Structures are given as structure tokens and as C-alpha cells.
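Engineer: So the sequence shown is residues 3 to 295, counted in this note's numbering.
The beta carbon of each residue, even a glycine, is placed where N, CA and C say it ideally should be.
Please read all numbers here as calculations on a predicted model, not as lab measurements.
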Amino acid sequence: MKAYVFPGQGAQFSGMGKDMYDGSDRAKDLFKKADEILGFEISKVMFEGSAEELKETKVTQPAIFLHSTILAELMHDFNPDMVAGHSLGEFSALVANGTLNFEDALKLVSKRAMAMQKACEAEPSTMAAILGLEDEVVEKVCNEIDGVVVPANYNCPGQLVISGSVKAVEDACEKLKEAGAKRAMVLPVGGAFHSPLMEPARVELEKAINETTFNQPKCPVYQNAVAKAVSSPEEIKQNLIDQLTAPVKWTQSVKAMMEDGASEFTEVGPGKVLQGLVKKVDRKMPVSSGSFE
């Protein structure tokens, strides 16, 4: 069974999508539509912008979403048996399996980026990558810290990202090093994604999601918040709302896809991060990058 996975924030690069724009009229149409929907030329920033410009909140999330969804549309043999996306990538996955249409999903992604930015500005917060510890140890230490700090991204065995207020994250990093973490490093991010500090963004996005049409998907999506196959539009909607304040259960999602029969994983979008994470779960699993040539 073919599993298609879609990357999240951090995979952007200058020049992303230009090859598709130059090589396909369909891609040209979708990029132009995106420029209209967003009210600025995101295509120009993607093709010519600097790394700094691509880091802007209003750009990063829509840019990665566009690269992934347009690539999926151009792939010759795109016929998924199951899909999943890492954080932001879940929106690309939901377009790929027919739950959301391109326009609606892009509007939601743009709203999500702005709402997250606002939540980040409301309270100083951050995230940190913890390497070389069991998930249970990280969870236990987070529970013992004063202030808000929670496991946010279960990326692969031995790699977990924590999220919360600046002081609580720093305190947790110290304790986790004492507990034997190989590394505990604060990440250069704007805020505490996938933590209770994203509640204002969750409320804002909930309204937009509830006003959007969700269709019956062509194949199940393994969602971050629950790490299992979901096919009900109502459940998909609720999990997408919960995703902003819930941890990304990526390790658990990949394992569930494998248990349900995934025999190969294709990463659709910029970068190869997810292929590496899949290999950390099962090094024998075939992985590849999506290609439209």
C-alpha cells in the first residue's frame, strides 16, 4: 500500500516551485490562483525571495502548502492508499485525499499562519529539540516543571520536541540533560506551537474550519492529534482544530500506517525530512521523493 506524507514548516527554500511553474500550465494556473487568494504574489517570494523573506509567517506556511499540493497534482502516478502530514502538512494531505479543495485549504492555511503569529506575540514562548531519551522520560520531566511545557512533536524514536513558555522550556532542558539527553537545544522558532499557549489561535481557526466544507475523503488520513486512520469528515474537522494545541504524534502515525499495511512512503513537497523520520521507525521501509517529471 502506498503512503504519501507531506512536510511541515522548516522545509522552505528559495526557488521552491519554480520548476513546476516553468514546466506545467496547470501549476501556473494554481500559483496565479494562490496569488489572488492571498492578495500578494507569493509565487514571486517563493521563486525569488531570500531565506529571510521565506521565513515570514504569512509566507512560510502557504509556501510549503502550495509546493506540496501542486506537486501532488502534477505527479503521474499519484494514487494514495493513505496520507498523513506533519503539522502544517496535514492540510496538504487533506487536499491530496479530496477532503478539502485547494482554495479552501489555502485560505485556512493563511488564517492559521496569522492566528499562530498572533498567539506567539501574546506571550514569549519557544520550543526545544530533545535527542536520545525515551518519550516517557521527556513526558515525566515536563510534568514536573513549573509553568507551561509539554511534548509537542513526537518526530521519531529518540527525537521529541517540547514546547511552552521560555523559562519552563529552559528549565526542562536543564533537567532533561541531567536525565541523560544527548542534546536539549532551544530552537529558533517564533513560539510554542502545539502547546496550550496556542489556544487563542485554536479558537480563531475553529471558527474558520467550521465554516469550511469537508468532503468524504478518497482514502484515510492519519491525523497528528490521534495517530490513526480517519475517514469521517466530522472527525477530520475536529482533529484539525485540536491539532494546534495537541502534540504532533508523528512517530505513532508512521507506526500505525505501517501496521495498517503501508509498504512504501513517498514524501510530497520540499525537503526529505519525513523520509529520514520514517527510516528511524523502520530502516527497511522504502522511501522516495515525489516527482512530476
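Looking at C-alpha atoms only, which residue of Tyr23, Phe67 and Ser197 is the closest neighbour of serine 167?
Structural biologist: Position 165 of the sequence shown, counting from 1, holds the residue named residue 167. Here the closest residue by C-alpha is Ser197.
Engineer: Can you tell me which of the three DSSP states threonine 128 falls into?
Structural biologist: Here residue 128 refers to the residue found at position 126 of the sequence shown. Threonine 128: strand per DSSP, three-state reduction.
Engineer: Return the CA-CA distance between methionine 22 and alanine 117, expressed in angstroms with no decimal places.
Structural biologist: Taking the sequence shown and counting its residues from 1, one reaches residue 22 at position 20. Taking the sequence shown and counting its residues from 1, one reaches residue 117 at position 115. The straight-line gap from Cα to Cα measures roughly 29 Å.
Engineer: Could you tell me the alpha carbon to alpha carbon distance between glutamate 123 and proline 190, rounded to whole angstroms?
Structural biologist: For this step, residue 123 is matched to residue 121 along the sequence shown. For this step, residue 190 is matched to residue 188 along the sequence shown. Looking at the two C-alpha atoms, the distance is approximately 15 Å.
Engineer: Provide the residue(s) that pair with proline 153 in DSSP beta bridges, ordered along the chain.
Structural biologist: Counted from its first residue, the sequence shown places residue 153 at position 151. Ile164, per the DSSP bridge assignment.
Engineer: Tell me which same chain residues have a C-beta within less than 8 Å of the C-beta of lysine 251, skipping the five on either side of it?
Structural biologist: In the sequence shown, the residue the question calls residue 251 occupies position 249. Cβ neighbours of lysine 251 beyond the five flanking positions: Tyr156, Asn226, Ala227, Val228 and Ala229.
Engineer: Smallest Cα separation from leucine 110: which of Arg285, Thr215, Gly160 and Ser234?
Structural biologist: For the purposes of this step, residue 110 is identified with residue 108 of the sequence shown, where counting begins at 1. With distances taken between Cα atoms, leucine 110 lies closest to Thr215.
Engineer: Confirm, please, whether the CB-CB distance from alanine 121 to alanine 210 is below 7 Å.
Structural biologist: For this step, residue 210 is matched to residue 208 along the sequence shown. For this step, residue 121 is matched to residue 119 along the sequence shown. Contact flag unset, no.
Engineer: For the alpha helix (DSSP H) that valine 280 lies in, which residues bound it at each end?
Structural biologist: In the sequence shown, counting from the first residue as 1, residue 280 sits at position 278. Per DSSP, valine 280 belongs to the alpha helix (DSSP H) from 275-283.
Engineer: Using a Cβ-Cβ cut-off of 7 Å (strictly less than) and excluding sequence neighbours within five positions of phenylalanine 15, which residues of its own chain qualify?
Structural biologist: Counted from its first residue, the sequence shown places residue 15 at position 13. Result list for phenylalanine 15: Pro272, in chain order.
Engineer: Run through the DSSP bridge pairs and tell me what serine 291 is partnered with.
Structural biologist: Start at 1 with the first residue of the sequence shown, and residue 291 comes out as number 289. Its beta-bridge partners are Glu269.
Engineer: So, helix, strand or coil for methionine 259, using DSSP?
Structural biologist: On the sequence shown, position 257 is the one that residue 259 refers to. The answer is helix: DSSP assigns methionine 259 an H, G or I state.
Engineer: Hey, is the stretch 177-195 in contact with the stretch 279-291, meaning 3+ C-beta pairs nearer than 8 Å?
Structural biologist: The stretch 177-195, when compared against the stretch 279-291, does not touch it at the 8 Å Cβ threshold.
Engineer: Among Asp148, Gly149 and Pro153, which has the Cα closest to the Cα of glutamate 141?
Structural biologist: On the sequence shown, position 139 is the one that residue 141 refers to. Answer by Cα proximity: Pro153.
Engineer: Going by DSSP, which residues form a beta bridge with arginine 28?
Structural biologist: The sequence position of residue 28 within the sequence shown is 26, counting from 1. BP columns for arginine 28 are empty, so no partner.
Engineer: Quick one: what's got a C-beta closer than 8 Å to lysine 179's C-beta in the same chain, skipping five residues either side?
Structural biologist: The residue you call residue 179 lines up with position 177 of the sequence shown. For lysine 179, where only same-chain residues beyond five positions count, the Cβ hits under 8 Å are Ala186.
Engineer: Exposed or buried, phenylalanine 93, counting other C-beta atoms within 10 Å across all chains shown (16 or more means buried)?
Structural biologist: Taking the sequence shown and counting its residues from 1, the one referred to as residue 93 is at position 91. Burial call: buried.
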